[in-house]
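Written below as structure tokens is the structure these notes are about.
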Amino acid sequence: MPLYSDPLRGIGLSSADSIKKTDKKFPDRLDEFYDHLKPRVAVDILVYTPEEFEKMKGSNQFIRHALKNGRILYEKQRR
196 MPLYSDPLRG IGLSSADSIK KTDKKFPDRL DEFYDHLKPR VAVDILVYTP
246 EEFEKMKGSN QFIRHALKNG RILYEKQRR
């Protein structure tokens, strides 16, 4: 599950995009992350499935910006 952050917004997670395999609907995915992270500052978290990410990466300006300018903050190592 890669976690991207925009370095233009400074250090930390003011905005983050995550890719995760899940069957949950978009709003339910967000609740899971906010509940787990319990951020103490304002944070925008967007969670996409791998399929959604692949579909959007060519046409969605936000996703293209994350790929071009973002940094991977966390990615689970594959075995």
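196 is the number of the first residue of the sequence shown in this note's numbering; add one for each residue after it. We treat Cβ as the ideally placed atom computed from N, Cα and C, and that holds for glycine.
With respect to the 9 Å criterion, residue 238 and residue 229 are classified as neighbours on the basis of their beta carbons.
Residue 257 is positioned such that its CB atom lies no closer than 9 Å to that of residue 242. The alpha-carbon separation between residue 246 and residue 232 amounts to approximately 24 Å. If you draw a 10 Å sphere on the C-beta of residue 224, you find 16 or more other C-beta atoms in it, and that means buried. Take residue 217, set aside five residues on each side of it, and the residues of its chain with a beta-carbon closer than 7 Å to its own are 224 and 244, in chain order.
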